[in-house]
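**Student:**
In our numbering, the protein residues as written are 378 to 1009.
1. For residue 786, which option in 947, 648, 614, 843 has the closest C-alpha, if you only look at C-alpha atoms?
2. Work out the CA separation of residue 495 and residue 562 for me, nearest whole Å.
3. Could you round the C-beta distance between residue 938 and residue 704 to whole angstroms and report it? I think they count as a contact, below 8 angstroms.
4. Taking just the CA atoms, how far does residue 818 sit from residue 749?
5. What is the DSSP secondary structure of residue 1001, reduced to helix, strand or coil?
6. How should residue 631 be labelled, buried or exposed, when 16 other C-beta atoms within 10 angstroms of its C-beta is the threshold for buried?
7. Pairs of beta-carbons, one from the region 962 to 970 and one from the region 924 to 943, closer than 8 angstroms: are there three or more?
8. In its own chain, which residues sit with a C-beta less than 7 angstroms from the C-beta of residue 666, not counting the 5 before and 5 after it?
9. Where residue 960 and residue 982 are concerned, what is the direct C-alpha to C-alpha distance, given to the nearest angstrom?
10. Tell me, which residues are paired with residue 547 by DSSP?
11. Any beta carbon from chain C within less than 9 angstroms of residue 928's own beta carbon?
12. Can you tell me where the beta strand (DSSP E) with residue 476 in it begins and where it stops?
13. Alpha carbon to alpha carbon, how far is residue 1025 from residue 976?
14. Identify, in the order they occur along the chain, each residue of the same chain with its Cβ nearer than 6 angstroms to the Cβ of residue 755, setting aside the five sequence neighbours on each side.
15. Since residue 834 sits in a beta bridge, which residues does DSSP pair it with?
16. Please check the pair residue 716 and residue 878, which I expect to be a contact at CB under 8 angstroms, by giving their CB distance rounded to whole angstroms.
17. Taking Cβ positions, are residue 1007 and residue 767 nearer each other than 9 angstroms?
18. Using a threshold of 9 angstroms, state whether the C-beta atoms of residue 538 and residue 557 are closer than that.
19. Tell me, please, which residues DSSP counts as bridged to residue 465.
20. Would you check if the region 847 to 855 and the region 803 to 813 touch, i.e. whether three or more CB-CB distances between them fall below 8 angstroms?
21. Quick one: measure Cβ to Cβ for residue 979 and residue 987, integer angstroms, because I've assumed they're closer than 8 angstroms.
22. Which residue marks the beginning of the beta strand (DSSP E) containing residue 905, and which one marks its end?
23. Given a cut-off of 9 angstroms, decide if residue 485 and residue 641 are closer than it, judged by their beta-carbon atoms.
24. Below 8 angstroms, how does it come out for the region 767 to 779 and the region 832 to 844: are there three or more Cβ pairs, yes or no?
25. Excluding the five sequence neighbours on either side, which residues of its own chain have a C-beta within less than 7 angstroms of the C-beta of residue 796, listed in chain order?
26. Is the CB-CB distance between residue 542 and residue 825 below 9 angstroms?
27. Should residue 507 be labelled buried (16 or more other beta-carbon atoms within 10 Å of its own) or exposed?
28. How far does the alpha helix (DSSP H) with residue 728 in it extend, from its first residue to its last?
29. Do you know how far the Cα of residue 935 is from the Cα of residue 706?
30. Using the Cα positions of residue 491 and residue 662, report the straight-line distance between them to the nearest angstrom.
31. Quick check on this structure: which residue in 511, 957, 687 has the alpha carbon closest to the alpha carbon of residue 990?
32. Using only the alpha-carbon positions, how far apart do residue 549 and residue 503 sit?
33. If we count the other Cβ atoms within 10 Å of its Cβ and call it buried at 16 or more, is residue 649 buried or exposed?
34. If you compare alpha carbons, which of 772, 687, 721 is closest to residue 892?
35. Considering only DSSP beta bridges, list what residue 561 is partnered with.
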C-alpha cells in the first residue's frame, strides 16, 4: 500500500450538488489533461475546492513505478486463447525479452458453459537460460487495482524483484485482475473522461473478442480528528460537512458505475477476489498444460503484496492442494475485510509511527532534518530552537492547531473550505509518508519549514499561493520517492472491496463507529471511513459470493511477512494468518514501512530468497533488525 489509491473528487463549497470531477492529487483543484496516458498539470485555479478522498489506504505496490511512456498497445494483436500462447509483447522496446499472452477463461465460474468469456492478460519475464529452471511465479502488486502487467514490464522493478526476492530460475508472471488494466471486460465507470472503451466493456464469447486494447493508465498520487491528542500529537477533526459530502459523492460514484459495469456480462459482478483467485488457478492449469503436466495437481507459486496477500489467502483456502510457494507480505486481515470491521486491523500503528518523526528528526540533527531548526518570526533566516524531540512535536502541534476546520465551519468563516482542504491534504500526506518513512520524512521536514511561517493564527492572512507551491513541491517529491501501484481507473478499489465484503447497502455510519476510527488513529482513521461509506452506497453485488473463513492445510507451507510499524497492514495480521494455515511461518522487520520489502532490509531479502530458491522457512529467529533510520 504506500501511496494508497485514493479516489478524489472536487465538490463545490456550496449546498449545490455537483457531479464529481477527477483531480490530480494536488492541493488546489487543477485543470488536468491526459497525454497518452500521462497526467499533466495544465493550470492551477482558484478558489480552492473542498476535496474528499473516497478510497482507502489498502493495498499498494511497494515497488517504484515512475511515470513511463504509455504502453497503449502492449497486448494488441495478441489473440485470446484457452491455452497459453506466448508472443513478443506488441510494444516491445526493452532489453528484456518479455512475452505476452491473453488467457480466455469463463466469465462466471459458477456458470462456465454459458458462452461468456473473460480475458486475462499475462506478461512474462522469462527465467535465465543458463540456470536450472524452477517454474513460474505469479505476482499481484496490491490495490485492489494494481496492474501485474505493469510491475513486471517495468525493467528496474522486475530486476529488483528477481535479484532481491525471487532469485534465478523462475519465470515471473504479472497478470491484470478482472476489470482492470488490459483485461476484458473492462471495469471503467467513466470517472476519468474517455476511459470507457465500448469494445472492452462487455464479456466476449469463445469465438469473438475486441480488437481495441488501449488502457489509459493513471498512477494516482496522494494529496492526501475534536482537537484530540494521540501520542502527544494534535490532529484536528475533519469538519462536520465531510460526512454528508462523502455520502453524496459515493452515491454519484455508484450511479456512474451502475450505468457502465453492473450488467451480468460486464465486469462489476465478477471482480471480487474469489474470482481472481480462481483465475490464478486457471493460469496455473494452463501453465501445466503448456509443459504437458497434470493440471489438477499443479502447484501455483505466488508473491502477493498488500491486497495480494488477501488474494493469496483466498486461493490457499479454496485450492489448498494447489499451493506452491506463497510469499505474502503486508498481510490484510481477511475476516475484517469481509465484515467491514477492520478498525483494529488496519490503522492502529499510524499515530505511534508518526510520533517517531520527531525523535527521528531530533536524532538526525539540523544537518539532516531541516525541521530541527525553525524560521524566526520574520520568516527570514534560521535560529536553533530545538531542545529535544518534544519541542519539535510542540511546533508541529502549533501548526496543526491553526487547521481547526470544525471551528471555522461552525462560525461560518468563508475560508473554512480552504482550511478543511489543507487539513485533509496534510493528514493524508502524513499518513502515506509512513509507508516508507526513511525516504519521505526528509521531504515532509522541508514542507513544515516552508509552511510554518505561512500558517499564522489568522487564516485570512495566509499566503495561499506560497502554501500551494509548498504542497505541490512536497507531492512531486513524494511521487518520485514513494511507491504506488499503476492503476487504470480509480474505481477499482471500490469495485473489488465492496463486492468482497458482506452487503451493507443503506447502512449508515454510527457516531460510535466514527469515534472508534478516530481513536484507532487521529491521522488515518477517518480516511478509512470514506471506503466504508462507498460500500454503503454500492449497489452491484457479485455473481459468486464467498465470505470465508480463510485457513486450512496447504500442500506447501506459506511464508508471511510484515513490519513492526506498518500504517495499514499491522504485523499482527501476519501472526494471525500464520496460525490459520497449517505449517505457515512468518518474519517481520523492525522498521516503519508498509511491507517488509519496502525497507530494503537485507535480512528480509535473505528470508525471501531462501524460501523461493530452496523452500527454506524461518525458524524462531524471525525478527529482522532495523538497518536504516529516517533521515539517514
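We treat Cβ as the ideally placed atom computed from N, Cα and C, and that holds for glycine.
**Tutor:** Straight from the coordinates:
1. 614
2. 6 angstroms
3. 7 angstroms
4. 12 angstroms
5. The answer is strand: DSSP assigns residue 1001 an E or B state.
6. buried
7. Verdict: yes, contact present.
8. 460, 672
9. 21 angstroms
10. 512
11. No chain C is part of this structure, which consists of one protein chain only.
12. Its beta strand (DSSP E) spans residues 476 to 483.
13. This structure leaves residue 1025 out entirely; the chain is present only between 378 and 1009.
14. With a pLDDT of 46 at residue 755, under the threshold of 50, the predicted position of this residue should be treated as unreliable, and no value is reported.
15. Paired residues: none, contrary to the question.
16. 7 angstroms
17. no
18. no
19. 476
20. yes
21. So it is not a contact: roughly 12 angstroms between Cβ atoms.
22. Note, residue 905: premise wrong, no beta strand (DSSP E); alpha helix (DSSP H) at 902 to 914.
23. Yes, these two residues count as a Cβ contact at 9 angstroms.
24. yes
25. 780, 782, 785, 836
26. no
27. exposed
28. 727 to 741
29. Counting only the Cα atoms, residue 935 lies some 11 angstroms from residue 706.
30. 21 angstroms
31. 511
32. 7 angstroms
33. buried
34. 721
35. Beta-bridge pairing links residue 561 to 496.
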